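End of the sequence shown = 397 in our numbering, gap-free, step of one.
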Amino acid sequence: MTDGAPPLPPPAVRRALSPSRAADFTQCPLLYRFRTIDRLPEAPSAAAVRGTLVHAVLEHLFDLPPGERTPERAAALLEPRWRALLEREPQLHALFGTDADPDPPALAAWLAGAHRLLERYFQLEDPTRLEPAAREMRVEVDLDDGLQLRGIVDRLDVAPDGAMRVVDYKTGRAPSEATAGRAMFQMRFYALVLWRLRGQVPRLLQLVYLGSGDVVRYVPDEGDLLATERKVRALWEAIERNHRTGEWPARPSRTCTWCDHKALCPSFGGTPPPLPTLPTLPTATG
Ligand code: SF4
């Protein structure tokens, strides 16, 4: 610092939270740190990318006139949406072999799996009778204490009387009662954001599980959403405490099986890298 210059401000934490990062922190504070602060890369899994592809097809299906939203047209969207994904993220090529040694049967089997999920979609909903108000809608709102809540809503339907239905597609199977909390927390989180943005509590939250063919519906009320807001604020206070102390404890559970960061995790004999010293810590996304 030069003489007379004002001192540098302390590192700031961007006060923003999404349902995914809130769920990470609840599951394991160290996982939250790796994803949100260190921003460590993670290898995309074929299952996760298939989910992204199916979401993209369902988003673009509604670009078609209602009468053309058929299973055949949805299936025909698979390849172009896959090519669009590859254009955006060329590293996804590696999921199905290498340039020198491609694996077309693996790609075909993977696309067939995506096709089955789309077929199941048509068993659960009739898109010719739907006219979504929004698809893949980015939502964000600042609470009165400055904490920003943000996320992406798969689909928002608005009835002629203005009632909102928030729809989320899941490409896995419906979770057990014990693990359903994460998905419903995400939906309440979105409902809270929409309530704060539009002054109206969504009438219905709907989870569409394409892996098992289940539809889970929930009617929220103000009491639910106020409780969700309290929970989100408490989570953020805990996150800020960890920022202040620099302590991000590992919380091992059976979900460690799918964690990309075991090699750096003390619960598995690893050592986390030093915390980055950024002027502004990265914000939560996704
Ligand atoms: S391996 Fe488990 S305990 Fe370690 S960071 Fe990942 S989720 Fe947390």
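All C-beta atoms, glycine included, are put in the ideal place defined by N, C-alpha and C. The structure displayed is predicted, hence computed values, not measured ones.
Reference residue i, options the options, closest by Cα
i           : options               : result
residue 179 : 265, 298, 313 and 233 : 233
residue 277 : 215, 371 and 245      : 245
residue 269 : 127, 312 and 171      : 312
residue 170 : 243, 213, 335 and 348 : 243
residue 348 : 208, 210 and 258      : 258
residue 247 : 329, 309, 173 and 350 : 173
Close beta carbons around residue i, own chain, < 7 angstroms, minus the five adjacent residues each side
i           : result
residue 285 : 320, 323, 325 and 327
residue 379 : 373
residue 331 : 299, 302, 312, 313 and 316
residue 201 : none
residue 157 : 206 and 221
Where residue i falls, given that 16 or more other Cβ within 10 Å makes a residue buried
i           : result
residue 152 : exposed
residue 256 : exposed
residue 125 : exposed
residue 385 : exposed
residue 81  : Absent from the model: residue 81. The displayed extent of the chain is 112 to 397, so no value can be given.
residue 129 : buried
Own chain, CB closer than 6 angstroms to residue i, minus 5 neighbours either side, in chain order
i           : result
residue 307 : 252
residue 376 : 361
residue 254 : none
Cutoff 8 angstroms; reference residue i; Cβ partners in own chain excluding five residues on either side
i           : result
residue 135 : 142, 143, 146 and 147
residue 184 : 172 and 175
residue 155 : 200, 202, 203 and 206
Anticipated Cβ contact below 8 angstroms, residue i with residue j, distance rounded
i           : j           : result
residue 189 : residue 168 : 6 angstroms
residue 228 : residue 186 : The pair is not a contact, with the Cβ atoms about 11 angstroms apart (cut-off 8 angstroms).
residue 362 : residue 140 : 6 angstroms
residue 261 : residue 127 : 6 angstroms
Examine the Cβ distances between the region 292 to 305 and the region 234 to 246 and report whether three or more of them are shorter than 8 angstroms. no
Check whether the region 271 to 286 touches the region 158 to 176, counting contact only when three or more Cβ pairs, one atom from each stretch, lie closer than 8 angstroms. yes
Is the number of C-beta pairs between the region 332 to 346 and the region 296 to 304 that are closer than 8 angstroms three or more? yes
For the pair the region 347 to 357 and the region 263 to 275, tell me if three or more CB-CB distances fall below 8 angstroms. no
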